[in-house]
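The opening residue of the sequence shown carries number 39 in this note's numbering; numbering runs sequentially from there.
The beta carbon of each residue, even a glycine, is placed where N, CA and C say it ideally should be.
Just so it is clear, the structure is predicted and the values come from calculations on it, not from any experiment.
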Amino acid sequence: MWRRKNSGKQPRWPYLAAMTDKVTDAIRRLAGDRATIRMEGGRTGVVLDATGLSATARSDLETAVRAAATDAGASDVRVVVTAERTRRQLVAVASGKGGVGKSTLSANLAIALSRAGRRVGLVDADIYGPSQPRLMKVEGTRPTAKDKVLDPVPTPYGVPLLSMGQLVDADRALAWRGPMAAGALGQLVEADWGATDTLVLDLPPGTGDVQLTMVQKYKPAGAVIVSTPQDLALIDAMRAIDLFDKAGIPVIGLVENMAGYACPHCGEVSDPFGSGGAEAAATRLGIPFLGRIPLTIAIRTASDAGEPPAAGNGPDAAAFHDIAAQVDAWLKER
Ligand code: ADP
């Protein structure tokens, strides 16, 4: 019977077999199942699956694998890094004017989406009042950069953040208009978001050029519009809806913030800004109404303390989680 002299699996020389095992073990210790190893003709080829790793982690792993294989005796080491492209969905949070709670909603929506199982990042593009570093309890922490690509700042809530407020002082950010602001905002979105699959984008309030440029350039999957119940705010909200229509971005729905005031002493709920206006406007405009967040002192004090209600179990957490569940379901349909 014809038999191959060397079946190919076992190297011909014992010392070669020992070296092969040593190299394979060294690579596996570092990269586990991520590595596919092929040793042939004195050459060691390693394909590393870097899916889900940040650019920094990816290049660190590549360097470490190369060094370990060489230390273990391999002479001609070639490492190829591959990664599945992460499908990332952007959710823009917008309002027609400032002070309606857009940043508060963005922070809580990001945390609630993350608790719902998404890998969420938060971009604070609000040049007029970048408040996310305070809301997310990372005030004063600046992001690092590698090859001019920013590394998002981790927050205590599992949602990494990049904010205009981390790049420049708030009063200087205000002076940034037009192309300069658009350039800086681009750096935030095009940062090293690694395995993040959902990016919540806290847009500057209003419906000017900066907002339109961002929306056209980054094409969010959808937009959440925040409004207070006042007529005036709703007119502004309609302008925001118009902006997304123009850019061909679907509106996920409208959130009514500061709806009804619950007196902290007697519990009586009053409606300083009227009630039901936002829901009626949403119906009129044919967009979904995602829910209302009450005006409570607890929301303001928790936000000021860098403890977003959605991260806790307080009475206001449920409203944010309910809105996030609808946004999550909407995104899954895309
Ligand atoms: P915007 O981003 O639209 O300018 P913010 O989210 O910064 O608005 O909110 C403005 C102020 O209103 C902040 O002090 C915030 O804590 C407070 N605020 C927002 N929503 C509520 C709410 N539902 N109840 C109480 N205070 C709120």
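Check each candidate in the options and name the one with the smallest Cα separation from residue i.
| i | options | result |
| --- | --- | --- |
| residue 291 | 174, 369 and 149 | 369 |
| residue 104 | 259, 116 and 95 | 116 |
| residue 111 | 300, 199, 250 and 61 | 61 |
| residue 148 | 90, 127 and 93 | 127 |
| residue 417 | 225, 72 and 360 | In the structure as shown, the chain begins at 39 and stops at 372. Residue 417 is therefore absent and cannot be evaluated. |
| residue 271 | 244, 261, 248 and 281 | 244 |
| residue 221 | 202, 299 and 236 | 202 |
| residue 172 | 353, 340 and 362 | 340 |
| residue 261 | 76, 189, 65 and 131 | 131 |
| residue 77 | 318, 247, 59 and 94 | 59 |
| residue 167 | 146, 319 and 136 | 136 |
| residue 363 | 152, 75 and 55 | 152 |
| residue 297 | 138, 113, 74 and 118 | 138 |
| residue 102 | 70, 352 and 146 | 70 |
| residue 195 | 345, 357, 371 and 352 | 345 |
| residue 318 | 269, 281 and 236 | 269 |
| residue 333 | 225, 185 and 308 | 308 |
| residue 320 | 283, 306, 275 and 355 | 275 |
| residue 282 | 246, 178, 305 and 306 | 246 |
| residue 97 | 129, 185 and 359 | 185 |
| residue 94 | 343, 143, 365 and 189 | 189 |
My output table needs one value for residue i: the three-state DSSP class, helix, strand or coil.
| i | result |
| --- | --- |
| residue 327 | strand |
| residue 380 | Since the displayed the chain opens at 39 and closes at 372, residue 380 lies outside it and no answer follows. |
| residue 332 | strand |
| residue 361 | helix |
| residue 223 | helix |
| residue 354 | coil |
| residue 45 | In this predicted model, residue 45 has a pLDDT of only 48, less than 50, meaning its place in the structure is not dependable; the value taken from the coordinates is given anyway. It is coil, neither helix nor strand. |
| residue 337 | helix |
| residue 342 | helix |
| residue 128 | strand |
| residue 236 | strand |
| residue 374 | One cannot answer for residue 374 here, as it falls past the ends of the chain, which runs 39 to 372. |
| residue 349 | helix |
| residue 371 | helix |
| residue 297 | strand |
| residue 315 | helix |
| residue 292 | strand |
| residue 308 | strand |
| residue 241 | coil |
| residue 230 | coil |
| residue 97 | helix |
Contact defined as beta carbons within less than 8 Å: I believe residue i pairs with residue j. What is the distance between those atoms, to the nearest angstrom?
| i | j | result |
| --- | --- | --- |
| residue 150 | residue 242 | About 22 Å separates the two Cβ atoms, so there is no contact after all. |
| residue 227 | residue 256 | 5 Å |
| residue 133 | residue 170 | So it is not a contact: roughly 15 Å between Cβ atoms. |
| residue 157 | residue 82 | Not a contact, Cβ separation roughly 33 Å. |
| residue 68 | residue 91 | No, residue 68 and residue 91 are not in contact; Cβ-Cβ is about 13 Å, not under 8 Å. |
| residue 250 | residue 285 | 7 Å |
| residue 108 | residue 85 | That pair is no contact at about 17 Å. |
| residue 26 | residue 347 | The requested residue 26 does not occur in the structure, where the chain is confined to residues 39 to 372. |
| residue 267 | residue 313 | 6 Å |
| residue 113 | residue 80 | 6 Å |
Would you mind stating whether residue i and residue j have Cβ atoms separated by less than 7 Å?
| i | j | result |
| --- | --- | --- |
| residue 253 | residue 279 | no |
| residue 219 | residue 263 | no |
| residue 273 | residue 295 | no |
| residue 159 | residue 198 | yes |
| residue 183 | residue 265 | no |
| residue 193 | residue 176 | yes |
| residue 335 | residue 310 | no |
| residue 328 | residue 293 | yes |
| residue 230 | residue 187 | yes |
| residue 259 | residue 372 | yes |
| residue 122 | residue 74 | no |
| residue 106 | residue 64 | yes |
| residue 248 | residue 200 | no |
Ignoring anything shorter than 3 residues, give me the beta strand (DSSP E) runs that lie fully in the stretch 138 to 208, in order along the chain. As far as the stretch 138 to 208 is concerned, its whole beta strand (DSSP E) runs of at least 3 residues are 158 to 162 and 199 to 201.
Which runs of the alpha helix (DSSP H), 4 residues or longer, sit entirely within the stretch 48 to 92? Counting only runs of at least 4 residues, the stretch 48 to 92 fully encloses the following alpha helix (DSSP H) elements, listed from N- to C-terminal order: 52 to 69.
What ranges does the beta strand (DSSP E) occupy inside the stretch 250 to 285, keeping only unbroken runs of at least 3 residues that lie completely in it? Listed in chain order, the complete beta strand (DSSP E) runs (minimum 3 residues) inside the stretch 250 to 285 are 260 to 265.
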